[in-house]
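Let me begin by presenting the structure, written as structure tokens, before commenting on it.
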Amino acid sequence: MALNSLYSSGWFALGFAAMKTGDVQRALDAFTRAIQLDPENWEAWGNIAYLHLIRKKKKESFIAYTQAVKFMRDSWKLWENYGLVAVEVGKIVQALDAARRVLDVTNYKITGVRLLDKITQYLEESSSNTHSAVSDGDYCANKNLIDSCIYSVDKLANSEPNEGMSPEKWQMVKLLGNILDEISRRNPIADIWGLCARCHRMNGDLIMCSVALSKQIRSYKGSDMWKDGDRYRRFAHSLWELCKIYITLFSSTGGHEQLQSAERELQNAIKQARYSCIFLVA
């Protein structure tokens with residue numbers, strides 16, 4: 001590089017080598033020099049974003065990822081990383097857009113469960129009486145981005161915000177619900193049904209929450225489940241969550257059918273577990 005300091009690829013190679021040896025600062029300097037010479041080098045921007053994450057500078061990482069996705073629109077992994085960092089800095093509109101991009105790029109073969117789980121967790125944990133999910137300014141500034149996240153199928157379109165939920169947070173929950181609803185139609189896996197249940201619960205719709213949990217439980221069932229400890233634990237957790245929802249519904253409606261459903265689900269699970277244990281021992 002001392003002979004030709006204007007060679008962008010050389011700076012990129014130097015940055016990559018420094019990154020491999022763990023020299024974060026030198027790698028960052030080299031990649032920064034690379035983008036100064038070639039501002040559209042999305043790989044350099046992505047590496048800068050990664051290095052900022054190592055240094056726990058999430059805002060700087062988000063800025064770098066924003067540049068990376070500007071110049072590379074067809075990498076689902078890049079969009080996922082961008083979305084994950086967006087959640088970390090509270091940019092939920094951008095995170096939702098990233099989740100949609102992952103689906104578009106992969107034609108729904110990659111559902112982006114990890115990113116969607118992070119978005120769901122953020123919305124669950126955000127204060128219900130503040131605008132922590134998204135500020136007024138951020139919401140208005142990204143109106144076009146919000147519109148692009150909306151799918152034609154919108155189960156929550158005519159619903160009202162849950163009591164105590166800010167309009168901004170409710171809008172984010174609605175957008176998340178739209179994305180999850182679309183995925184559940186095209187790639188209905190257990191994890192997606194679980195996220196659907198959590199989304200409906202945030203919106204205060206316990207009936208739809210119980211429906212989604214029931215579908216998640218059915219997705220887990222099968223002969224392989226009893227041989228897979230992790231899968232069985234997830235099944236048991238979902239079943240327990242469903243029973244709690246049934247109990248809550250019973251408390252509010254007084255109808256015994258919910259308690260009977262919970263009892264029936266538990267008895268069936270225990271019966272199947274006993275049968276499987278006997279079969280495996282035999």
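Note that full-length UniProt numbering numbers the sequence shown so that position 177 is 177, with each residue one more than the last.
The beta carbon of each residue, even a glycine, is placed where N, CA and C say it ideally should be.
Distance, residue j Cα to residue i Cα
| i | j | result |
| --- | --- | --- |
| L259 | M72 | 52 Å |
| V93 | R201 | 20 Å |
| W79 | R100 | 9 Å |
| A273 | A190 | 20 Å |
| E125 | K77 | 26 Å |
| R186 | N41 | 34 Å |
| H237 | C209 | 14 Å |
| W11 | L213 | 51 Å |
| K215 | Q267 | 18 Å |
| R33 | L96 | 32 Å |
| D74 | T21 | 29 Å |
| W226 | K271 | 12 Å |
| F279 | S252 | Per-residue confidence for F279 stands at a pLDDT of 45, beneath the threshold of 50, marking its modelled position as unreliable; the derived number appears in the next sentence. Distance between the alpha carbons of F279 and S252: 41 Å. |
| L113 | I179 | What sits at residue 113 in the sequence shown is Val, not Leu. Approximately 11 Å between the Cα atoms of the pair. |
| Y246 | K109 | 33 Å |
| G204 | R26 | 51 Å |
| L28 | I35 | 11 Å |
| A98 | Y275 | 44 Å |
| V173 | N107 | 23 Å |
| Y151 | E182 | In this prediction, Y151 scores a pLDDT of 41, lower than 50, which makes its location untrustworthy; the coordinate-derived value is nonetheless stated afterwards. The alpha-carbon atoms of Y151 and E182 are separated by roughly 8 Å. |
| D104 | E43 | 21 Å |
| L206 | S166 | 19 Å |
| A13 | Y220 | 46 Å |
| F62 | D224 | 41 Å |
| T248 | V211 | 14 Å |
| G15 | K56 | 19 Å |
| P188 | D23 | 43 Å |
Cβ-based burial, residue i [other Cβ within 10 Å; buried from 16]
| i | result |
| --- | --- |
| H52 | buried |
| T130 | With a pLDDT of 48 at T130, under the threshold of 50, the modelled position of this residue cannot be trusted, and the question is left open. |
| S9 | exposed |
| A18 | buried |
| G194 | buried |
| T111 | buried |
| G229 | exposed |
| L6 | exposed |
| Q171 | buried |
| E241 | buried |
| T120 | buried |
| R234 | buried |
| Q67 | buried |
| I217 | buried |
| G255 | exposed |
| G46 | buried |
| G222 | exposed |
Distance between beta carbons of residue j and residue i, contact taken as under 8 Å
| i | j | result |
| --- | --- | --- |
| L115 | G90 | 15 Å between Cβ atoms; not a contact. |
| L123 | K169 | 7 Å |
| V85 | K118 | That pair is no contact at about 10 Å. |
| C199 | L176 | 6 Å |
| L239 | A197 | With 8 Å as the limit, L239 and A197 do not qualify as a contact, their Cβ atoms being about 12 Å apart. |
| F31 | I54 | Not confirmed; about 13 Å, so no contact. |
| C243 | E265 | 7 Å |
First and last residue of the uninterrupted alpha helix (DSSP H) at residue i
| i | result |
| --- | --- |
| A166 | In the sequence under discussion, the amino acid at residue 166 is Ser, which differs from the Ala named in the question. From DSSP, S166 is part of no alpha helix (DSSP H); its letter is neither H nor E. |
| L6 | Where L6 is concerned, there is no enclosing alpha helix (DSSP H), given that its DSSP letter is neither H nor E. |
| R106 | Sequence inspection shows Thr at residue 106; the Arg mentioned does not correspond to that position. From DSSP, the alpha helix (DSSP H) with T106 extends over 92 to 106. |
| D191 | 190 to 202 |
| S61 | 58 to 71 |
| E80 | 76 to 88 |
| M208 | 206 to 220 |
| I247 | 229 to 253 |
| T120 | 113 to 125 |
Residue-level contact to chain C via CB, residue i, 9 Å cutoff
| i | result |
| --- | --- |
| L116 | In the structure shown, chain C does not exist; there is a single protein chain. |
Contiguous alpha helix (DSSP H) assignments of at least 4 residues, all confined to the region 18 to 62:
24 to 37, 42 to 54
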